[in-house]
């Protein structure tokens with residue numbers, strides 16, 4: 001006979017209906033005992049469920065005791081009365097399913113538009129830069145977008161709590177619409193980059209608030225399910241995006257931006273109809289003069305605006321912009337030792353470091369919190385100083401670095417080095433999609449089915465990703481297209497497997513700060529993409545210019561400046577004489593290869609950092625119910641915890657002694 005359904009929490013309140021009367025006297029297990037109590041067999045299944053609910057585990061003195069207990073449990077399962085379906089649970093399940101599908105159908109289009117833009121523009125970047133005759137500055141097409149999409153993510157987290165989810169996601173979609181319109185109509189390169197920056201501002205909000213909405217009002221298990229659906233959606237957009245981008249670019253690259261307008265308009269209308277389902281303005285959690293936690297509700301517009309951490313936002317924007325400018329100018333426009341490069345680099349690093357110190361001063365009780373008592377830190381120091389949050393931030397940082405590099409610089413390789421037309425270069429990026437799909441499915445299985453945890457996918461992805469990128473770099477070096485496609489897919493596995501679990505882990509350890517932790521995770525991923533592309537763009541430009549000078553020095557009738565000018569347009573490159581064209585292709589190949597070499601050490605470091613990540617077990621327990629969530633989180637590095645407890649795990653211990661004793665102490669106090 002199959003395993004019977006266990007009673008739900010509503011049915012468990014009427015325990016005597018579920019167990020025979022002769023065994024109705026149920027003795028609780030002693031959580032500190034090394035041997036199981038001798039309890040009535042027919043009541044054992046009730047006892048096991050109720051104590052497991054409270055975080056208490058069975059501890060058996062031998063494998064024989066464990067086997068005997070499991071046999072008795074199976075016999076009891078076969079003989080006990082069938083548990084009827086709970087009407088309350090059925091209604092709750094229907095309500096949750098209805099809520100989930102409302103979110104999915106409404107957020108599907110803006111999320112699809114968000115992911116589609118990344119892949120469409122990745123195909124079009126070389127052609128856009130060529131049309132503006134700015135091949136050496138093509139990284140700015142991406143950096144203008146990622147800079148704003150990075151810097152404003154934490155601000156969206158704050159604004160979504162102050163003004164509500166619906167208002168802010170509508171604002172974000174409007175920014176995408178305006179930015180796309182500017183890009184589609186822009187003639188000067190500077191105006192085009194301004195449109196990309198406005199687009200980035202909008203996409204920061206769509207990405208962040210979508211993740212916040214998916215985490216609102218649901219358990220960690222439901223959050224995992226919701227995120228899985230959207231990861232699959234992203235995989236589809238990653239698949240069709242390069243192909244669409246290639247064909248649109250073949251007609252006119254401006255269509256890559258016109259396509260966003262109808263999708264943004266429809267998203268505005270669809271979101272209006274679920275506005276009542278989304279959380280509105282949230283109370284501000286702060287402390288009073290006596291250290292007590294209090295909630296403050298802001299009503300007027302001025303009161304709501306007073307919460308924003310303007311100092312942190314300005315310091316971060318200035319620091320990040322200065323640092324990126326220094327990297328972009330170094331070696332390409334100015335010598336590395338010139339003041340034009342050193343000053344922005346040094347000032348940028350100082351400002352970013354000061355930003356973290358400023359956020360520390362904004363903590364309740366510190367100096368800046370007294371100067372600006374109404375403001376809330378953009379990135380709270382209490383989050384930043386947690387080990388798991390720091391580890392997750394670095395892992396997401398390298399994920400963004402790998403994701404953006406694979407899309408943009410592989411496209412540059414196929415367009416300039418291999419001479420592929422845009423549509424064919426877009427098709428080559430499709431090989432990245434199966435890898436993302438496999439990685440996303442692996443993450444879905446590990447988080448939702450077995451072993452229902454967040455550590456394993458993060459750890460596996462942190463090792464697969466650098467290996468895939470290293471092999472991809474080797475394939476680019478030898479110009480083997482088949483190997484490039486294969487290792488591109490392997491890199492996608494490492495990236496895809498880390499998309500969902502990072503956010504789940506962060507929400508699991510900080511369930512009362514969903515908007516802030518989701519914003520932080522959404523902030524570091526594009527930050528990694530921005531800095532990664534900046535590093536790669538700087539290396540690419542330096543290698544390209546040095547190569548052009550070598551070609552000019554060794555070619556009669558040409559100098560490096562003339563060669564560089566010809567190489568600012570793909571059409572001009574293809575008009576070069578055959579011998580010089582081959583030399584330009586070789587220079588471009590080396591520039592792409594060294595661009596990847598520059599980021600691989602940082603991405604490889606993620607494998608070591610992942611060893612210090614804890615673990616969150618995915619269950620259906622409410623995020624707010626701390627008592628139910630005991631034992632779901634391992635705060636210490638999970639890899640070391642496994643090594644330390646492997647012997648006891650083999651003997652049947654479900655949880656470490658520390659958790660078991662803590663749970664026992666909690667029950668005693670209750």
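In UniProt numbering, the protein residues as written are 1 to 670.
Ideal Cβ placement from N, Cα and C applies to all residues, glycine included.
CB of residue i within 7 Å of CB of residue j, strictly
| i | j | result |
| --- | --- | --- |
| residue 278 | residue 134 | no |
| residue 149 | residue 257 | no |
| residue 389 | residue 395 | no |
| residue 255 | residue 248 | yes |
| residue 360 | residue 329 | no |
| residue 639 | residue 611 | yes |
| residue 500 | residue 231 | yes |
| residue 619 | residue 221 | yes |
| residue 219 | residue 447 | no |
| residue 423 | residue 607 | no |
| residue 617 | residue 453 | yes |
| residue 196 | residue 144 | yes |
Own chain, CB closer than 7 Å to residue i, minus 5 neighbours either side, in chain order
| i | result |
| --- | --- |
| residue 442 | 457, 497 |
| residue 189 | 132, 134 |
| residue 489 | 431, 432, 434, 435 |
| residue 326 | 341, 344, 345, 348 |
| residue 319 | 348, 351, 352, 355 |
| residue 527 | 150, 397, 400 |
| residue 471 | 487, 490 |
| residue 671 | The shown model of the chain, from 1 to 670, leaves out residue 671, and the question about it has no answer. |
Pairwise C-alpha distance: residue j and residue i
| i | j | result |
| --- | --- | --- |
| residue 242 | residue 362 | 44 Å |
| residue 162 | residue 304 | 6 Å |
| residue 509 | residue 633 | 7 Å |
| residue 467 | residue 533 | 19 Å |
| residue 515 | residue 227 | 15 Å |
| residue 402 | residue 539 | 16 Å |
| residue 392 | residue 613 | 8 Å |
| residue 530 | residue 187 | 25 Å |
| residue 522 | residue 153 | 7 Å |
| residue 194 | residue 123 | 20 Å |
| residue 592 | residue 473 | 9 Å |
| residue 364 | residue 605 | 34 Å |
| residue 312 | residue 147 | 16 Å |
| residue 106 | residue 169 | 12 Å |
| residue 376 | residue 302 | 15 Å |
| residue 203 | residue 438 | 25 Å |
| residue 413 | residue 420 | 9 Å |
| residue 280 | residue 200 | 24 Å |
| residue 323 | residue 602 | 18 Å |
| residue 581 | residue 544 | 14 Å |
| residue 537 | residue 160 | 34 Å |
| residue 636 | residue 335 | 46 Å |
| residue 645 | residue 371 | 49 Å |
| residue 476 | residue 484 | 6 Å |
| residue 94 | residue 357 | 48 Å |
Cross-strand partners of residue i (DSSP beta bridge)
| i | result |
| --- | --- |
| residue 616 | 633 |
| residue 334 | 330 |
| residue 199 | Paired residue(s): none; residue 199 is not in a bridge. |
| residue 453 | 617 |
Buried versus exposed call for residue i [16 or more other C-beta atoms within 10 Å across all chains shown]
| i | result |
| --- | --- |
| residue 110 | buried |
| residue 175 | buried |
| residue 27 | Summary for residue 27: the model assigns pLDDT 45, below 50, so the residue's position carries little reliability; its value from the coordinates is reported in the next sentence. Burial call: exposed. |
| residue 506 | buried |
| residue 589 | buried |
| residue 671 | Since the first and last residues shown for the chain are 1 and 670, residue 671 lies out of range. |
| residue 253 | buried |
| residue 573 | buried |
| residue 551 | buried |
| residue 205 | buried |
| residue 140 | buried |
| residue 89 | exposed |
| residue 480 | exposed |
| residue 339 | exposed |
| residue 309 | buried |
| residue 478 | exposed |
Sequence-distant residues of the same chain with beta carbon closer than 8 Å to residue i, five excluded per side
| i | result |
| --- | --- |
| residue 518 | 157, 208, 211, 212, 215, 503, 506, 507 |
| residue 103 | 213, 214, 226, 274, 277 |
Close-in-space but distant-in-sequence residues of the same chain around residue i (CB under 6 Å, 5 per side omitted)
| i | result |
| --- | --- |
| residue 264 | 173, 176, 177 |
| residue 417 | 585, 588, 589 |
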